[in-house]
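If you're matching them up, the sequences are chains A and B in order. So the first sequence is residues 1 to 113, counted in my numbering. So the second sequence is residues 1001 to 1119, counted in my numbering. Glycine residues also receive a C-beta, built at the ideal position from the N, C-alpha and C atoms. To start, the structure itself, in structure tokens.
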Amino acid sequence: GENVEQHPSTLSVQEGDSAVIKCTYSDSASNYFPWYKQELGKRPQLIIDIRSNVGEKKDQRIAVTLNKTAKHFSLHITETQPEDSAVYFCAAAGGTSYGKLTFGQGTILTVHP
Amino acid sequence: KAGVTQTPRYLIKTRGQQVTLSCSPISGHRSVSWYQQTPGQGLQFLFEYFSETQRNKGNFPGRFSGRQFSNSRSEMNVSTLELGDSALYLCASTRGNLRDRESGANVLTFGAGSRLTVL
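Given below as structure tokens:
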């Protein structure tokens, strides 16, 4: 089955810096790659996603890139703010999967004021 | 538009007992998926239901089961609870149809979760 590896497990940055989180996946049939943000004690919330027919997608300070050949995708957050502090999860889904996501292990992002 | 609602939010059980968790999806969503979240294992897929049928299943023992009703509400059951079943159980809903998936509209929305503690 699909396997998703996520790095780093923890990331500490200063406010205003950029943060990059990287994920690799194993199943070449995967074609949907969402990123979720989970604040302490809250539910995971989708922040951005990308499909395999797109190489890059941007939404304000957040961008995701996808390299299908290398089977990796990355989350980029620019001009980080303290409220960006949370756990970020990447995930992959594909084939006939609708509600089945394979998640990475998560990255704890801390943005210091 | 109401979000995904899970009940109960917190519960404490003892080993050997069984538990039933409930999930009401967003109106119009026919797919409900369940995930187990633990500090050690992260977010792991349990199963997905669509139109009252299990469409996908993860690698969990048979003690974990689920079902979906005609109104798309779903329940999951864990029998013979073990200490290791202590976790946050999250459900997520999506419309779940092929057209949405192909157009990129098949986004999962999570509920707040049911936190289960097994003593």
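Beta-carbon proximity list for residue i, same chain, < 6 Å, skipping 5 on both sides
| i | result |
| --- | --- |
| Thr78/A | Ser18 and Arg61 |
| Leu1119/B | Thr1014 |
| Val87/A | Gln38, Gly106 and Ile108 |
| Gln1054/B | Phe1047 |
Close Cβ partners of residue i (< 7 Å) along its chain, the five nearest in sequence each way excluded
| i | result |
| --- | --- |
| Gly1062/B | none |
Cβ-based neighbour list, residue i, same chain, cut-off 8 Å, excluding 5 preceding and 5 following
| i | result |
| --- | --- |
| Asp49/A | Tyr32, Phe33, Pro34, Trp35, Lys57 and Val64 |
| Ser26/A | Glu2, Asn3, Val4 and Lys71 |
| Gly1028/B | Arg1095 |
| Thr152/A | This structure cannot settle anything about residue 152/A, because the visible part of chain A is limited to 1 through 113. |
| Ala91/A | Val4, Phe33, Pro34, Trp35, Tyr36, Leu101, Thr102, Phe103 and Gly104 |
First through last residue of the beta strand (DSSP E) which encompasses residue i
| i | result |
| --- | --- |
| Asn1077/B | Ser1074 to Val1078 |
| Ile21/A | Ala19 to Tyr25 |
| Thr1020/B | Val1019 to Ser1024 |
| Tyr88/A | Ala86 to Gly94 |
| Tyr98/A | Careful: Tyr98/A lies outside any beta strand (DSSP E) and carries neither H nor E. |
Any chain B beta carbon closer than 8 Å to residue i
| i | result |
| --- | --- |
| Thr102/A | yes |
| Asp59/A | no |
| Pro44/A | yes |
| Gln105/A | yes |
Contact with chain A by residue i, beta-carbon distance below 8 Å
| i | result |
| --- | --- |
| Asn1077/B | no |
| Leu1021/B | no |
| Asn1056/B | yes |
Expected contact under 8 Å - CB spacing of residue i and residue j to nearest Å
| i | j | result |
| --- | --- | --- |
| Arg1030/B | Ser1072/B | 5 Å |
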